[in-house]
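Enquirer: To get this note's numbering, take the position in the sequence shown, counting from 1, and add 77.
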Amino acid sequence: MSAEVTPDELAACRQAIERRPEHAPEAGRLPEVWRGAGGREARVIYLNFIDPTALPVGAIYRTWVVQLREGRVAAVSYFLSRRGAAGDETLPPEAV
Numbered sequence: 078m079s080a081e082v083t084p085d086e087l088a089a090c091r092q093a094i095e096r097r098p099e100h101a102p103e104a105g106r107l108p109e110v111w112r113g114a115g116g117r118e119a120r121v122i123y124l125n126f127i128d129p130t131a132l133p134v135g136a137i138y139r140t141w142v143v144q145l146r147e148g149r150v151a152a153v154s155y156f157l158s159r160r161g162a163a164g165d166e167t168l169p170p171e172a173v
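1. Suppose contacts are defined by Cβ-Cβ distances below 7 angstroms. Is T167 in contact with S158 by that definition?
2. Give a yes or no on whether the C-beta atoms belonging to V110 and Q144 are separated by under 7 angstroms.
3. With H, G and I counted as helix, E and B as strand and the rest as coil, what does DSSP make of A162?
4. Report the partner residues of E144 according to the DSSP bridge assignment.
5. I think F126 touches R146, with their Cβ atoms under 8 angstroms apart; what is that distance to the nearest whole Å?
6. Is it the case that the Cβ atoms of G116 and V82 are separated by a distance below 7 angstroms?
7. For T130, which three-state DSSP category applies?
8. Taking the alpha carbon of E103 as the reference point, which residue from Y138, P169, L132, E118 has its own alpha carbon closest?
Quick look at the structure:
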């Protein structure tokens, strides 16, 4: 598992997110936090356009998930979380 994300991977992720209609709040912004997992052939990149640790308790934020296969975007999705005092909680899609 590697936390390093290359500039090319980050650019591919941003382009893929910008093609999604849900990206509007993040349009034109650079992600503040990102991390990657996996190897060269299959990777998953997690991106936050807001640093979750800087948010107040109760705030809801979006984490984008981009799957790469052999360096190309295979899928883009996101999930919502609520910032908590003792840790963050992932919300079901219908919660917001």
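By construction, the Cβ of each residue, glycine as well, lies at the ideal position given by its N, Cα and C atoms. Model, not experiment: these values are computed from the prediction.
Expert: Judging by the given coordinates:
1. yes
2. no
3. coil
4. Inspection of the sequence shows that residue 144 is occupied by Gln rather than by Glu. In DSSP, Q144 forms a bridge with V121, A152.
5. About 24 angstroms; that fails the 8 angstroms criterion.
6. no
7. helix
8. Y138
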